[in-house]
Structures are given as C-alpha cells and as structure tokens.
Amino acid sequence: MACRADALPESHVRPIVGPGSQRAYNWQTLWQLSTLRVCMLTHRHGGFRQCQRRDQSTGPLQRPATRTPSSPAVGGRSVTSGTTSLRGVTAVVETRYVEIPPPASPLDLGRPHFVGICGAGMSALAHLLAGRGAQVTGSDLRMGEAAAALEEAGCRVRFGHDAANTAGASVVVWSSVIDAANPEIVAARAAGVPVAHRSHVLAQLVVEADRSVVVAGTHGKSTATMMLADAVGHLLPSWVAGATPVGSVNGHTGSSLLIAEGDESDRSVAQYRPDVAVVLNADDDHPETFAGTGDVVGTLTDFAVGAKALVVCADDAGARKVTSRVRSHGGVQVVTFGETAGADVRLLSAEPSQKGSAVTVLDLDGTRVSWTVRTPGRPAVLASLAAYTAGRVLGERPESLAAGLSGFRGVRRRMQLVGERRGVRVVDSFAHHPTAIAADITTARELAGGRVIVAFEPCGSTRVRVLGARMGVALAAADEVVLLPVRDAVSSSASLASRGAMEEAAVGAGARVRQVGGLAEAADVVAALAAPGDVVLTMGVGEVAGLGALLLAPADRPLTFV
C-alpha cells in the first residue's frame, strides 16, 4: 500500500528539526546522562571474549564475578573475571568493564593534541577542528597518507609518542585503542591537562551545533554519513566520518549543521544527543565488546532515545527492535525507510548496472523520487535511502536531495573500483563481518562477467574466533578464496587456529580456498588465477587494501594475469 501524506502525522511532511532549534544544556547534567562505559576484554586459556553488560545505573554486573587486580585503560575501573558461555562453549574470561570519567565542563578545543591522530575517527575530528582554526597537534606510530593529509590541513603530526608532544595542549584526546601507560597520557595527567576520549569531543561538537545528525549502526555508517553530507551539500555542512570520501577528507568544517558518524564498537555512540539519530541496522558484531545482537540493540536504543527524531531502517530485524523500544519510550519522532511495506520512505525499485543503481522511492508525501547511486550494491542503495530520509527530516526538498545523492562519488574502500587490467577488474572492500562479506560478494557477482575471486584478510583473533565460521560460509559464495593471515592476532598460534577454522567452514560450504603467508604471495596467487571477465575483490581491514596496487602494477612488473 502506498504511504501517503494524509496517512502520516503532520510532522512527517514538514521539517522535524528546523534551523535555529537549539537546546539549552546544563553541562554537568549532560555528561551525567552520557557517561561513556566501554567494555574492554582480555582472554586467557583460549576462551571466547564476551561482555557482561551492566545497566546504565551503577548497579552490579548481571553475572557474579570476582574482582582481580588488573591495569585498566585510561580512567578505567570495575575489573572482573568469571566464566561465560557462547554458542554452547564455556570459557574462562577476564572482563574489564571500563567507565570513562566525563569532563566536568566544556572542553577547551583551541589547542587539542590527539594521541593516535591518524586513526579514522581521530583524524576526522582533527580535520574538523583545524578547519575551525584550532592549533591541532598529534602523534602516531603510522606516518602515511593520513598524516600527509593532516599536515596539509595545518595540523602538526609527530612520529611516535613522547611526553614532550603534549606541551601547550589545552586538551589531550585519546581513543579506545590507546593504553593508559602511553607517555603522552601520563604526562598530561601529571601536568593537570584535561584528558578526554574522542567521543567526548564529538559529543560536545554535537551539542554545540545548531542542528546535528549522527549516523549509527553495524554496517554502512561511513557511506550513509557522507551521502547525507553530499545530499545537503548546498547547506555546506560540517562532517565527521570514519572513512574517507573519494576526492575529499573524512572531517570538514562548514556551517553549523553537523553530520557525524557514531561508532558503536566501544559503546560510545550511546552518549551522543543529536537532533536526528539514524540507525541503519543492528547486527552481532564486536564480540570483544558486546554479548550478542541484543546487546548492540540496547546500546543503539540508548543512543536513539536521546534524539528529537529517529530515522531507522524498517528492513533490518535489529533496527526494528530499536524502533519498538524507542516508540515504547516515547518522546522521539520515528521515521522509517526501506523496502518493507509501510515504511515511511519506501524503496520501489533499484535497478543495478555496471556503474551503480537507479533508485526510485515513494516519498513521505506520496510522490515518486528517483536518483542514481554510483556505488554498486544493495548496501549502498539502503545507505542512500537513509540519507534521503534524514534529509527530508531536516526539511530539505526531494529534488535537491536526489540531485545531491546522484553526484555522490563514493567512499574509499567501500566497493571502490581500483582499476582494470587485461580485462580483470579489481574492487576494494572494507567488509570484515559475515553480513558485509556476503553482501559485497553478491555485488561483485552482479559486476562480473566471469568469476569472483576474493582475497580476504581477517581482522582480530577474537572476531575471527567468534565469527570465523560464519565468515567462512559467506566467503564460499566466491569462486576462489585467497586467505591472508589474521591481522592483529593475539598470538601466532591463535592466528593459525582462527584462520584454520575459517578455512574449514569455507571448504565445508563448497569454497576453493588457498592460504597465503602475506600480501606479495597473495598478489602472485591472484594474478595466476584471474582471467578476463573476472572481478578480484580485495577485502578486509588491513594491508589487503594495498593488494590492488600490486595487481595493477605496470606491465614490466612480473605480476601478469593469465
């Protein structure tokens, strides 16, 4: 049934969040509401990692546990240990439930120093603050393309971590991957310089913005965030994203409209209080932090109930649970999107082509609106639908949003065409979760005239241990799988065991798998396999992103496709 304007609340067909709709906050109250609790876990005895979730109050853990003397992360406390069970397997785990103390007052962001500035979320904030005129400094152990872009933006980036790097900083910013013993953190605390988690910085920016949108969910956040920024490009928005858009940077200062990606991996998304919250999906991810999909749903619900409006996917089971809980809570305008009958903005068609998809939707007012998505695949279509719906909630006209979406060039490493050589196309994918792996292989199949060859680099021994069997089944949809070593494994033995279990699951599902020892060997194997008409999908989080450059090397290089 068509979703017509006269069947909707009036707020669906007018701006729910208008210009100048500022809210007054008591800072102490805000931070009390948004105290960040991060679950950080270590493993022992080869056990699974699993989070023991605590209520938003200061009540006890749901599972009896024994306190152990362990070194917490920055500001951490509540260290516990005990046993847990996951899919019928009982394991001994040590769970560190970390509460990060919030700042007592607004942070001085005039001279911020970022510890680990080249990380995706950190560099985005650094770019935005530099654009506002802040004197941004930072340090990192990686000095590559990200560091060069930051330097070009006016940031001062130093290699390595040293206490002297924090001199003159108004605040020292860290992320969840930074250890408490980092010399810059230690020096800042000793000198009385405020130390803040990156999410506290973003939360302050969200509150200070005249209007704000935060995009959350397990899959597709970066693409949807940057699609929305392009869709409302005439408003010159500011943005913060976890990935780099093609031809631009992942953080930018523009108008007082802020569009930001909210990271759920460490639960920090729950503290943001935007005008518009977007929830794309809720899937079983980050097993080092969450105890399953229900735990993810709970965190995303905590995020959504703090917004004025929720834009949420009607097609995803986890997102529907968030919707139900938010509606039960009350006080939040809910607008849905998707292919599901009854969605407020409903997908009518998405015709795939070699260059993307032609999308047509039924708008809030009952009219049909069309645009082109230049990134191939169903996930990109749904991301564009989320961006369009959020734009409508902001009060933008359908034709303006459609034009902006049609001009969007994509996000790097999100089904990005790297190049073509001798009839073989190389496409780069960030997918490292079973759902995303399956979706991107399906998309590659639509593009291929021949076979789909996947070179996959798994990431994280815990992730692979918990999700590896499902990853293997998802990979089996490819014609050939080249499996690289697990990135950032706890130990070489854990790496081998995890990768072996994944391969076993893939072979059991019918896959042809070849294990390789590194990037150079992967390039040799893929080059020997690929033939004209094939699509090579380089997939994963780590160094596999550089595989395309090796495969597309000049003709005088020894790598040649058959």
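In my numbering, each residue carries its 1-based index in the sequence shown increased by 4.
Heads up, the beta-carbon is just placed ideally off N, CA and C, and yes, glycines get one too.
Since the model is a prediction, treat every value here as computed from it, not as a measurement.
Residue interval of the beta strand (DSSP E) (run including residue i)
{"i": "Thr340", "result": "Gln337 to Gly342"}
{"i": "Ile263", "result": "Leu261 to Glu265"}
{"i": "Arg372", "result": "Arg372 to Val377"}
{"i": "Phe307", "result": "Premise fails: Phe307 lies in the alpha helix (DSSP H), Thr297 to Ala308, not in any beta strand (DSSP E)."}
{"i": "Asp144", "result": "Thr141 to Asp144"}
{"i": "Glu641", "result": "In the structure displayed, the chain extends from 5 to 566; residue 641 sits before or after that span and is not available."}
{"i": "Met543", "result": "Val539 to Gly544"}
{"i": "Pro187", "result": "That residue, Pro187, is in no beta strand (DSSP E); its alpha helix (DSSP H) goes Pro187 to Ala195."}
{"i": "Arg160", "result": "Arg160 to Phe163"}
{"i": "Leu487", "result": "Glu484 to Leu487"}
{"i": "Ala281", "result": "Val280 to Val283"}
{"i": "Leu314", "result": "Ala313 to Cys317"}
{"i": "Pro116", "result": "Pro116 to Val119"}
{"i": "Val520", "result": "Taken as a continuous stretch (DSSP letters only), Val520 belongs to no beta strand (DSSP E), as it is neither H nor E."}
{"i": "Val217", "result": "Arg215 to Ala220"}
{"i": "Val177", "result": "Val175 to Trp178"}
{"i": "Val244", "result": "Ser242 to Val244"}
Residue burial classification, residue i (beta-carbon count within 10 angstroms, cutoff 16)
{"i": "Arg202", "result": "buried"}
{"i": "Val181", "result": "exposed"}
{"i": "Ser328", "result": "exposed"}
{"i": "Arg503", "result": "buried"}
{"i": "Ser272", "result": "buried"}
{"i": "Leu232", "result": "buried"}
{"i": "Val251", "result": "The sequence shown places Gly at residue 251, not Val. Gly251 is exposed by the Cβ-count criterion."}
{"i": "Gly464", "result": "buried"}
{"i": "Phe341", "result": "buried"}
{"i": "Gln56", "result": "With a pLDDT of 34 at Gln56, under the threshold of 50, the modelled position of this residue cannot be trusted, and the question is left open."}
{"i": "Gly148", "result": "exposed"}
{"i": "Ala354", "result": "buried"}
{"i": "Gly476", "result": "buried"}
{"i": "Thr84", "result": "Low confidence applies to Thr84: its pLDDT is 33, below 50, so where it sits in the model is not reliable, and the reading given next is rough at best. Per the 10 Å Cβ criterion, buried."}
{"i": "Ser388", "result": "buried"}
{"i": "Thr371", "result": "exposed"}
{"i": "Phe622", "result": "The question about residue 622 has no answer here: the residues shown for the chain are numbered 5 through 566."}
{"i": "Leu555", "result": "buried"}
{"i": "Gly552", "result": "buried"}
{"i": "Arg331", "result": "exposed"}
{"i": "Arg277", "result": "buried"}
{"i": "Arg215", "result": "buried"}
{"i": "Trp243", "result": "buried"}
{"i": "Pro438", "result": "buried"}
{"i": "Pro110", "result": "exposed"}
{"i": "Ala535", "result": "exposed"}
{"i": "Arg27", "result": "Any reading at Arg27 needs caution, since the residue's pLDDT is 39, under 50, leaving its predicted position unreliable; the model's value is listed next. Counting Cβ neighbours within 10 Å, Arg27 comes out exposed, since fewer than 16 surround it."}
{"i": "Leu284", "result": "buried"}
{"i": "Asp320", "result": "buried"}
Range covered by the alpha helix (DSSP H) that runs through residue i
{"i": "Leu368", "result": "Counting along the chain, Leu368 falls outside any alpha helix (DSSP H), and DSSP gives it neither H nor E."}
{"i": "His333", "result": "Ala321 to His333"}
{"i": "Ser127", "result": "Ala124 to Gly135"}
{"i": "Ala589", "result": "Nothing can be reported for residue 589: it is not among the residues displayed for the chain, which extend from 5 to 566."}
{"i": "Ala524", "result": "Leu523 to Leu533"}
{"i": "His204", "result": "Arg202 to Glu212"}
{"i": "Glu155", "result": "Glu149 to Glu156"}
{"i": "Val554", "result": "According to the sequence displayed, residue 554 carries Leu and not Val. Counting along the chain, the alpha helix (DSSP H) containing Leu554 begins and ends at Leu551 to Leu555."}
Cβ-Cβ separation, residue j to residue i (assumed contact under 8 Å), whole Å
{"i": "Asp287", "j": "Gly246", "result": "Their Cβ separation, rounded to whole angstroms, is 16 Å, which puts Asp287 and Gly246 out of contact at 8 Å."}
{"i": "Ser433", "j": "Met543", "result": "4 Å"}
{"i": "Val119", "j": "Val176", "result": "6 Å"}
{"i": "Leu421", "j": "Arg429", "result": "7 Å"}
{"i": "Val490", "j": "Val468", "result": "5 Å"}
{"i": "Val300", "j": "Glu265", "result": "In fact, because the Cβ distance is near 16 Å, the residues do not count as touching under 8 Å."}
{"i": "Val326", "j": "Leu304", "result": "5 Å"}
{"i": "Glu188", "j": "His165", "result": "5 Å"}
{"i": "His256", "j": "Leu132", "result": "6 Å"}
{"i": "Arg416", "j": "Thr248", "result": "5 Å"}
{"i": "Val218", "j": "Ala153", "result": "Rounded, the Cβ-Cβ distance is 23 Å, inconsistent with contact."}
Beta carbon proximity, residue i to chain C, threshold 7 Å
{"i": "Arg401", "result": "Given the protein chain composition of this structure (a single chain), no chain C is represented."}
### Message
For a minimum of 3 consecutive residues, which ranges assigned as the beta strand (DSSP E) are wholly contained in the stretch 392-479?
### Response
DSSP runs (the beta strand (DSSP E)) wholly in the stretch 392-479: 418-425, 428-433 and 456-461.
### Query
Should the stretch 375-382 be called in touch with the stretch 407-424, which here means at least 3 C-beta pairs below 8 Å?
With the cut-off at 8 Å, the stretch 375-382 and the stretch 407-424 touch.
### Message
Any contact between the stretch 389-397 and the stretch 344-355? By contact I mean 3 or more CB pairs, one from each, below 8 Å.
### Response
For the pair of segments examined, the stretch 389-397 was found to touch the stretch 344-355: the number of CB pairs separated by less than 8 Å reaches three.
#### Entry: Inter-stretch contact (C-beta, 8 Å, three-pair minimum) for the stretch 423-430 and the stretch 509-525
Judged by Cβ distances under 8 Å, the stretch 423-430 makes no contact with the stretch 509-525, as fewer than three pairs qualify.
### Query
Using 8 Å as the threshold, is the stretch 187-204 in touch with the stretch 355-374, meaning 3 or more CB pairs across them?
Under the three-pair Cβ rule at 8 Å, the stretch 187-204 does not count as touching the stretch 355-374.
### Query
If we count Cβ pairs, one from each stretch, closer than 8 Å, do we get three or more for the stretch 201-221 versus the stretch 143-158?
With a cut-off of 8 Å, the stretch 143-158 and the stretch 201-221 do not count as touching, because too few Cβ pairs lie within range.
### Task
Could you tell me whether the stretch 432-448 touches the stretch 523-543, where touching means 3 or more Cβ pairs closer than 8 Å?
Yes, the stretch 432-448 is in contact with the stretch 523-543.
### Query
Does the stretch 546-554 come within contact of the stretch 516-524, defined as at least 3 CB pairs closer than 8 Å?
Yes: at least three Cβ pairs fall under 8 Å.
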